[in-house]
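Report on the following structure.
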Amino acid sequence: MDILLLLLFVHSLQNAITPEEVRYNAWQARHLLTAGVHGILHTHTRSAESVKAFVQVTRYPYQQLGREYIGEGLRGSGGQKKPAEIWGLEQSKYTDVADPWPLHPDGELILGLKIEDRHCVANVDDIAKVPGFAFAEGGPGDMGMSYMQPDAHDPPYPDVMNEARNKIKSALEKNGIVFYSSWLDESMSQTERLDYIIDKLGAR
Numbered sequence: 291m292d293i294l295l296l297l298l299f300v301h302s303l304q305n306a307i308t309p310e311e312v313r314y315n316a317w318q319a320r321h322l323l324t325a326g327v328h329g330i331l332h333t334h335t336r337s338a339e340s341v342k343a344f345v346q347v348t349r350y351p352y353q354q355l356g357r358e359y360i361g362e363g364l365r366g367s368g369g370q371k372k373p374a375e376i377w378g379l380e381q382s383k384y385t386d387v388a389d390p391w392p393l394h395p396d397g398e399l400i401l402g403l404k405i406e407d408r409h410c411v412a413n414v415d416d417i418a419k420v421p422g423f424a425f426a427e428g429g430p431g432d433m434g435m436s437y438m439q440p441d442a443h444d445p446p447y448p449d450v451m452n453e454a455r456n457k458i459k460s461a462l463e464k465n466g467i468v469f470y471s472s473w474l475d476e477s478m479s480q481t482e483r484l485d486y487i488i489d490k491l492g493a494r
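Going by this note's numbering, the first residue of the sequence shown is number 291, and it counts up by one from there.
Right, here's the structure in full:
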């Protein structure tokens, strides 16, 4: 992956917990997308409805895939000239592919979620079913604070955090979503972990 692409993945919609907050703060996503980013991360993802709103604000209204579940895209026309130039595309091509992958097989936007507190964990089964995001990650620092463990940013983690991680991982795997986590999976050997990273995650 080109280093520039890595730099063009940004945090946005921080702590926008409800669908209304996501929509009120949609200007953040619009500004970032107009600046040419390839990916946006939604933090403290607490409900399926807020994830649907997150996906909506990144999509143009004419995109049809998943619309019956997510709703119509809310990204407006008029700001596509500059990001199309940055991506090296005609404007019409840009608006076609500036759509979340893997929902759109040819989409080139990567949307991610941070499922990082006990409220997110309680709703993770519903969150994981929402189409439009490519991966999710945990956040051990915030997760620890949420479980009244403010010093549990680094391993070894208390049982309640390991249970939360396993619940997140299971929900995402059931829906074919990549789980990005720095937590050590002690059920796998070092070789198995490397094989998993190369064969499973690398293939995506």
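Quick reminder that beta carbons are idealized off the backbone N, C-alpha and C, glycines included.
Tell me the rounded alpha-carbon separation between residue i and residue j.
| i | j | result |
| --- | --- | --- |
| A493 | Y486 | For A493, the predicted structure reports a pLDDT of 45, less than 50, and the residue's modelled location is therefore unreliable. The matter cannot be settled from this model. |
| G369 | A316 | 14 Å |
| S471 | S479 | 16 Å |
| E406 | Y437 | 10 Å |
| I293 | P445 | Confidence in I293 is poor, its pLDDT being 38 and thus under 50, which makes the residue's placement unreliable; the coordinate value appears in the next sentence. Distance between the alpha carbons of I293 and P445: 30 Å. |
| F423 | L322 | 17 Å |
| Y314 | E482 | 44 Å |
| L297 | D449 | Summary for L297: the model assigns pLDDT 41, below 50, so the residue's position carries little reliability, and this model does not support an answer. |
| G356 | E311 | 22 Å |
| F469 | E427 | 6 Å |
| Y502 | R320 | Residue numbering for the chain in the displayed model covers 291 to 494; residue 502 lies beyond these limits and cannot be assessed. |
| K419 | I360 | 11 Å |
| V341 | D489 | 28 Å |
| G397 | A454 | 31 Å |
| E358 | Q318 | 25 Å |
| F429 | V345 | Correcting the residue type first, residue 429 is Gly in the shown sequence and not Phe. Using only the alpha carbons, I get a separation of about 21 Å. |
Apart from the five residues just before and just after residue i, which ones in its own chain have a Cβ nearer than 7 Å to its Cβ?
| i | result |
| --- | --- |
| N305 | T333, H334 |
| E339 | P309 |
| Y384 | Q370, P373, A374, W377 |
| R336 | I307, H409, C410, N413 |
| V399 | With the sequence shown as reference, residue 399 is identified as Leu, and Val is not the correct amino acid for it. Within the same chain, L399 has close Cβ partners H328, G329, T348, A388, D389, P390, W391. |
| L393 | L355, G356, P421, G422 |
| D415 | A461 |
Verify the contact flag: residue i, CB atom, against every heavy atom of the ligand GTP, threshold strictly below 7 Å.
| i | result |
| --- | --- |
| D407 | Among the components modelled here there is no ligand, and therefore nothing to report on the ligand GTP. |
Spatial neighbours of residue i within its chain, please: C-beta separation below 8 Å, excluding the five flanking residues on both sides.
| i | result |
| --- | --- |
| P440 | G434 |
| Q381 | Q370, K371, A374 |
| I467 | A418, F423, A424, F425, A426 |
| L379 | V387 |
Taking all protein chains shown into account, decide if residue i is buried (16 or more other Cβ within 10 angstroms of its Cβ) or exposed.
| i | result |
| --- | --- |
| M451 | buried |
| Y447 | buried |
| S477 | exposed |
| L484 | exposed |
| K464 | exposed |
| P395 | exposed |
Near residue i, which residues of its chain fall below 6 Å by C-beta distance, leaving aside the five closest residues on each side in sequence?
| i | result |
| --- | --- |
| A282 | One cannot answer for residue 282 here, as it falls past the ends of the chain, which runs 291 to 494. |
| Q353 | G363, D389 |
| G431 | H443 |
| L462 | A418, A426, F469 |
For the 8 Å Cβ check, are there 3 or more pairs between the region 403-419 and the region 445-460?
The region 403-419 is in contact with the region 445-460.
Under 8 Å: do the region 361-371 and the region 326-340 share three or more Cβ pairs, one atom per stretch?
Taking 8 Å as the limit for Cβ pairs, the verdict is that the region 326-340 does not touch the region 361-371.
Starting from the N-terminal side, write out each stretch of the alpha helix (DSSP H) that is 4 residues or longer and does not extend beyond the region 407-473.
For the region 407-473, the continuous alpha helix (DSSP H) assignments of 4+ residues that do not extend past its boundaries occur at 408-412, 414-417, 430-436, 449-464, in sequence order.
Only counting runs of 4 or more residues, tell me where the alpha helix (DSSP H) segments fall wholly within the region 295-355, in order along the chain.
Qualifying alpha helix (DSSP H) stretches, in chain order: 309-314, 316-324, 338-347.
Going residue by residue through the region 352-377, where are the continuous alpha helix (DSSP H) segments of at least 4 residues, counting only ones entirely within it?
The region 352-377 contains these whole alpha helix (DSSP H) runs: 357-360, 371-377.
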